[in-house]
Structure formats: C-alpha cells, structure tokens
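Participant:
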Amino acid sequence: MVLFGGAGHSSKILENLSNDGLLIGIDRDEEALKAAKKRLEKYKNVVYIHGNHDDIDNILKENNIELVDGILLDLGVSSYQLDERNRGFSYLGENQLDMRMDKNQELTAKKVVNEYSEEALSTLIYEYGEEKFSKRIAKNICKYREKKCIQTTKELVNIIEQSIPDSKKKNGHPAKKTFQAIRIEVNNEIKPLYNTVFKSIKALKNGGRLCIITFHSLEDRAVKNAYIDALGKCTCPKELPYCVCGSISYGRIINKKPIIADSNEQKQNSRSKSAKLRIFERKI
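Each residue of the sequence shown is one higher than the one before, starting from 22 at the first, in our numbering.
1. Tell me which same chain residues have a C-beta within less than 8 Å of the C-beta of Arg204, skipping the five on either side of it?
2. Going straight from the alpha carbon of Glu260 to that of Gly267, what length do you get?
3. Taking 6 Å as the limit between beta carbons, can you name the residues of its chain near Ser313, skipping five residues before and five after?
4. Would you identify the three-state DSSP class for Arg273, choosing helix, strand or coil?
5. Residues bridged to Val89 by DSSP?
6. Between the C-alpha atoms of Ser31 and Ser270, what's the straight-line distance to the nearest angstrom?
7. Please state if the CB of Glu302 and the CB of Arg230 are separated by a distance shorter than 8 Å.
8. Between Asn179 and Lys304, is the Cβ-Cβ spacing less than 8 Å?
9. In its own chain, which residues sit with a C-beta less than 8 Å from the C-beta of Ala296, not counting the 5 before and 5 after it?
10. Identify the continuous beta strand (DSSP E) that holds Asp48 and give its terminal residues.
11. Count the other CB atoms within 10 Å of the CB of Asn107; is the residue buried (16 or more) or exposed (fewer)?
12. Can you find a heavy atom of the ligand FAD that lies under 7 Å from the Cβ of Pro262?
13. Taking the beta strand (DSSP E) that Arg303 falls in, what are its first and last residues?
14. Is the segment 76-94 touching the segment 53-61 in the sense that three or more CB pairs, one from each, lie closer than 8 Å?
15. Using 10 angstroms around the beta-carbon of Thr256, count the other beta-carbons present and answer buried if the total reaches 16, otherwise exposed.
16. Buried or exposed: Asn79, going by 16 or more other Cβ atoms within 10 Å of its Cβ?
17. Count the other CB atoms, across all protein chains shown, that sit within 10 Å of the CB of Val134; report buried if there are 16 or more and exposed otherwise.
18. Where do the N-terminal and C-terminal ends of the alpha helix (DSSP H) with Ile205 fall, by residue?
19. Pull up the CB-CB distance for Tyr149 and Glu206, whole angstroms please, since I reckon it's below 8 Å.
20. Check for me: the alpha helix (DSSP H) holding Ile180 runs from which residue to which?
21. From which residue to which residue does the beta strand (DSSP E) around Val68 run?
22. Taking just the CA atoms, how far does Cys264 sit from Gln287?
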C-alpha cells in the first residue's frame, strides 16, 4: 500500500503502476484530483481523498489503515495551478488574488494583502520569501490600499516592482519571492511540515520509505531537520553504561544529500531545477 500526497500534480509518474496493492492519493485541490482520476482511470486500485497530507494520521485512521509500505509527498504548488492563471498563483498576467490550493478555505491572497498589518506583511515576506526588500514592499502595499483595495495580481506586481531598485531586478522576476511568501501563508505550507514528516514516518511499516520532494529552501530545510531528529541521537555522557536520555530512532536517512534532477530532465522541464528529493527509511 502506498500513500501519495499531492496526487494531482504528480500522478504522471504513477502511470507505470501495476494493479497490485492500493494507492491512496491525497490533494487539497479538487481540480487536481479530477486530473489525477482521468490520468489514472485504467487503475481500479486507487483511492482519491480531498484532504491535506498534514492530516495523514487522521486520514489513515478514517480509512481503517494502520500502516503503509511507502509515502511520497510532493510539496508546494503544482505546474497545473501555476498555469491556471485565474487561480492567482502566477505573477504573470492580470488575475484575481486568490492562491488557495483548496478553494473551500476562507483565507485568500486578497485577504492577506489587504487585511494584514504592515508588520505582519513585512515579516511573512521576509521569512517565507527571503526577500531583502520586505519592509519596503509591505510599506508600499499599505500605502496603496489606503486609496483602494488591491484586487489583482497585476496591481500587486506593480507595487512590488516599484519597491525594488532597478539594480536588484536582474535575478528573476522581482515579484517571485513575495508571491511565494503570500502563497505559503495562504496555504499554511511550512508551519505543520515538521510534524507532518514525523506523522508520515510513524505511518510506515518496517522498511517502508518516506520520499519528499521540495521546491524551495524553506521546505527542504524543514524536511532535512525533521529527518535528522527522526534519526535520533543519544545525548548521554559517554561514561554512562547505558542510555538514559530517552532518545528514539525511527529509522535511517537514505541520502544525506538531496537527489536533484539531471541536466536532461532540467532541459525538458525547467521547473525541475529547484526540486530536491530526500528519503527516510522506517526501522521498527
């Protein structure tokens, strides 16, 4: 049995599945689940769940599943969501500020941009976007919204572009970091991630593997730190004859360095350049 978080935007790699066992696909985006169902329609051993991989323990319990053989978590926004401009994830074009992976939730990018305080905006843009000009961007957002509500991605992009010096606009689109930060906030992508890794590891059978694909440094750092802690390390003084610190090891890290796409894959799919794969094996 394999559990798959992010079923919609990575179902292509599952097309080589046999009809043995059971695949559980989880995604917050109902449109992505529809796409996965269509792509995998010839397989009768797939269960599709509209949910969040952060709730993996509850999802398994609700489906009377104790442990699984493997888990693949494909984090972040999908190519499908980026390409669907009306979802508001992209800083290209002019669309409504939305950025929700799950359209049923209340918090949107529009609410974040128009209702968060200047300090809160500055903090999230700096922490989630690693944007050096976060204070200036937040200040200009608040100035603009005094006159009118910020409705579209284009309005937000214009504010960001005016906040960053021309000399600093050479490395990628100037709005990329801020849009990433707002998207992470809207979908709460980072805060639960550490705990999600541990929930996933505990859901594995002995010898089962957790594979996580990340697409930016914040995700990768959270996964790496969780893996290290799950590996366990005794902190007792060396002179003690046995461990008393209570350190628990849940298994082993398969690859100390993340696996990245080779040059051929990067040429075929430019978005794979930022992808990193880390693997943990459960030992009970």
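Every residue, glycine too, gets a C-beta built ideally from N, C-alpha and C.
Facilitator: Well, looking at it:
1. Val98, Phe110, Met120, Ala130, Glu210
2. For Glu260 and Gly267, the distance between alpha carbons rounds to 16 Å.
3. A query on residue 313 cannot be resolved here, the shown segment of the chain reaching from 22 to 305 and no further.
4. strand
5. Val89 pairs with Leu225.
6. Note that Ser31 has pLDDT 47, beneath the 50 cutoff, so the model's placement of it is unreliable and no number is given.
7. yes
8. no
9. Ile234, Thr235, Phe236, Ile281, Ala282
10. Counting along the chain, the beta strand (DSSP E) containing Asp48 begins and ends at 44-48.
11. exposed
12. The ligand FAD is absent from the structure shown, which contains no ligand whatsoever.
13. Judged by DSSP secondary structure, Arg303 falls within the beta strand (DSSP E) whose first and last residues are 297-303.
14. no
15. Thr256 should be labelled exposed.
16. exposed
17. buried
18. 197-208
19. 6 Å
20. 174-184
21. 67-71
22. 47 Å
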